[in-house]
Amino acid sequence: PPAAAQLSARDVLLAAAVTAERTPEGTGAYWHVRTDTREGSPFESWTSRDGRAWFRGAKTEGEVVEIHRPVPFRLAGPEVSFEQLEGLPTEPDALKAWIAGNLERSDVRTSAGRPDAATREQFVFDGLISLVCQLPAPPEVRAAAFRAIASYPNVESLGAVEGGHGLRISLPETSQVRQARLVVDPGSAQVRDANFFVTMDGAVAWVPDGSAKLLAGWTDELPE
C-alpha cells in the first residue's frame, strides 16, 4: 500500500472504513467519551446500556454527577437511542438520508428557526463525525460514516501528522466557510484529534487555535 504521506484524503477515509468494518464492536457496561482541550478540564461522560448517564467537567468541578435524559444520545441534533444507532443504515447515501430525514422530522430549531438547507447539510456532516468519533455505532455503521465523509468533494489531505493523517474539510455556511480539521488513524479507524467536537446536548463546540483529543469506547468502570 502507499505510504501514509502519499495517501489522499479519500484514501485515508476509505482505509479507515475498511478497518472500522473489521474491528469488533467491543463490550462493557458503560459507553465512555472523553474530550481533552488545551483549555480547562476534560469533558467526560458515561452512559449505561439502560440509558443512565453520568458527566464530569468544569461545571461539575471534577465531580462525577448523574444526569437525567430520556434518550441518551444525539445525532445531528435529534435524540437517538442505543436501539436506533444499532439499526442505522450501513450504506453511505442511505445513512446520510436517514440522518437528514430524522432531522427533518424532529423539532430541532436554531436561533433562526427551522434549519434551512445549508444548515441541514452541516447537521448531517456533524452527525457523520459523531458516528466515527463519539457515538456507540456498530462497526458497519462507522464504516458507512467514514465512506460518507469521503464522498464530500472538499476534503483535503494535510499529510502525515502525529497520531495519523491530517484532513481538512471546508463546509459552507450562510455567511462564511468553516474548516473542519481532523487527524484520522486509518490503521485503527480512530479520529485522534479535531478542531471541534459535538457536545452531549448535540451542539458543536469549536476549539479556536487548538485541538480536541477524542477518546471513546466501552468500559466496565464508572468513577466514584
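Residue numbering for the sequence shown is 59 to 282, as defined by the working numbering.
C-beta: ideal position from N, C-alpha, C; glycine also.
Being a predicted model, the structure only gives us computed values, none of them experimental.
query: Using 8 angstroms for Cβ pairs, my map puts V256 next to Q180. What's the rounded Cβ distance?; result: Not really, about 12 angstroms apart at Cβ, beyond 8 angstroms.
query: Roughly how many angstroms lie between the CA atoms of W14 and Q237, to the nearest whole one?; result: As shown, the chain starts at 59 and ends at 282. That puts residue 14 outside it, with no answer to give.
query: Quick one: Cα of L146 to Cα of A195, how far?; result: 8 angstroms
query: Report yes if the C-beta distance between A201 and E124 is below 7 angstroms; otherwise report no.; result: no
query: Rounding to the nearest angstrom, what Cα-Cα distance links A116 and R68 in this structure?; result: 37 angstroms
query: Are the beta-carbon atoms of R205 and E214 separated by less than 7 angstroms?; result: no
query: Between the C-alpha atoms of I207 and W156, what's the straight-line distance to the nearest angstrom?; result: 15 angstroms
query: CB V241 to CB L272, shorter than 7 angstroms?; result: no
query: Buried or exposed for S233, going by 16 or more other Cβ atoms inside 10 Å?; result: Because S233 carries a pLDDT of 45, less than 50, the predicted location of this residue cannot be relied on, and no value is offered for it.
query: Relative to the alpha-carbon of P56, which residue among A176, Y210, S246, V219 has its alpha-carbon at the smallest distance?; result: Outside the shown range of the chain, which is 59 to 282, sits residue 56, and nothing can be said about it.
query: In angstroms, rounded to a whole number, what distance separates the CA positions of L280 and W104?; result: 7 angstroms
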